[in-house]
Amino acid sequence: MLIKALAADFDGTLYFHNTEERFYARDIFEILFFQKRGGLFGICTGRSPDSIFDTIGDFIRPDFIISVSGALTVDGKGNVLDSRAMDPSAAETICREFEDRAAEVIHADGRVYCLNTPEYPLQVRVNSFSEIPQDRIYGISMRLEDERAAAEAAALIEEKYGQFVSAFQNIRNVDIVAAGCSKGTGIARVRELFGIGRFGGIGDSYNDLPLIKACDVGFTFPKSPAELREAADEIVLSVSDAIEKLEGQTDSASRDIE
Numbered sequence: 034m035l036i037k038a039l040a041a042d043f044d045g046t047l048y049f050h051n052t053e054e055r056f057y058a059r060d061i062f063e064i065l066f067f068q069k070r071g072g073l074f075g076i077c078t079g080r081s082p083d084s085i086f087d088t089i090g091d092f093i094r095p096d097f098i099i100s101v102s103g104a105l106t107v108d109g110k111g112n113v114l115d116s117r118a119m120d121p122s123a124a125e126t127i128c129r130e131f132e133d134r135a136a137e138v139i140h141a142d143g144r145v146y147c148l149n150t151p152e153y154p155l156q157v158r159v160n161s162f163s164e165i166p167q168d169r170i171y172g173i174s175m176r177l178e179d180e181r182a183a184a185e186a187a188a189l190i191e192e193k194y195g196q197f198v199s200a201f202q203n204i205r206n207v208d209i210v211a212a213g214c215s216k217g218t219g220i221a222r223v224r225e226l227f228g229i230g231r232f233g234g235i236g237d238s239y240n241d242l243p244l245i246k247a248c249d250v251g252f253t254f255p256k257s258p259a260e261l262r263e264a265a266d267e268i269v270l271s272v273s274d275a276i277e278k279l280e281g282q283t284d285s286a287s288r289d290i291e
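Counting with our numbering, you get residues 34 to 291 for the letters of the sequence shown.
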């Protein structure tokens, strides 16, 4: 039996914090029906697992979460399936370099830490970088002034610290993880762990490019950056549309095999 799966980016793809609904009802229903029919659904995000579980509540029960841009993958109950920590010295150096230019959080041990006043309830404030679990720092997320500043920061980090880290722009944010780690490597690991035969992926921003390229069928939106639209196999309006198209393609592929 061909195992099929869809991995969806979270913010701006599945979750919309600027809208009253936050989640589209049709997306939720289609995800549930997809899982009921034997499909696997997961979230592929720059966020930490705690942040995702807190936000989705009981609306969605993912089979897997590729979090912190591929550095930490967990199952639907939060059990760690795969992880790749950053070099702690590189992480601290980068945080110090950008502390006056960006709002920063550090993803470590499944939690979100900050050195300044927390912006959200789940963030844990520490007085010193040394208070963060040094062997379980999975990523850094920073919010810059605008999209241009984020692009410049990502390029600078790659240039200066590329031996240790990979940096991905997400609109006005930059997500930083261990070198060679990405949403795409997370997809590859989940494919291996679950034996997925046909993998679909959907995202809306620059940091979703590795996700889309790593999947058998990549989806994005009409208003996504041109680079993303060019890499995608299908342009859709929603996660539910992507599931319907993936299901149709999977059914056709199954008939061809038979």
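Backbone N, C-alpha and C fix where the C-beta goes; we use that ideal spot for every residue, glycine too.
Please state the DSSP three-state secondary structure of residue i.
i	result
valine 272	helix
glutamine 196	coil
phenylalanine 265	Inspection of the sequence shows that residue 265 is occupied by alanine rather than by phenylalanine. The answer is coil: DSSP assigns alanine 265 none of H, G, I, E or B.
asparagine 203	strand
glycine 251	strand
cysteine 128	helix
threonine 106	strand
alanine 187	helix
valine 223	helix
glutamate 137	strand
lysine 37	strand
valine 210	strand
phenylalanine 92	coil
tyrosine 153	coil
valine 113	strand
Between the alpha carbons of residue i and residue j, how many angstroms are there, rounded?
i	j	result
leucine 189	phenylalanine 131	11 Å
isoleucine 290	isoleucine 139	Bear in mind that the predicted position of isoleucine 290 carries a pLDDT of just 37, short of 50, making it unreliable; the figure below should be weighed with that in mind. Going by the C-alpha atoms only, they are around 46 Å apart.
glutamate 267	threonine 253	7 Å
leucine 244	alanine 259	16 Å
leucine 155	serine 102	19 Å
glycine 72	leucine 226	15 Å
glutamine 282	arginine 59	20 Å
aspartate 133	glycine 230	46 Å
asparagine 51	glycine 213	32 Å
Report back the beta-carbon spacing between residue i and residue j to the nearest angstrom; my notes put them in contact at under 8 Å.
i	j	result
phenylalanine 74	aspartate 44	With a Cβ gap of about 17 Å, phenylalanine 74 and aspartate 44 do not count as contacting.
arginine 224	phenylalanine 232	6 Å
Counting C-beta neighbours from all protein chains within 10 Å, is the total for residue i 16 or more, i.e. buried, or is it exposed?
i	result
valine 159	exposed
glycine 228	exposed
arginine 94	exposed
aspartate 208	buried
glutamate 178	exposed
proline 82	buried
serine 285	Residue placement at serine 285 is poorly supported in this model, since its pLDDT is 47, which falls under 50; the coordinates are not used for a value here.
serine 161	exposed
aspartate 87	exposed
arginine 117	buried
glutamine 196	exposed
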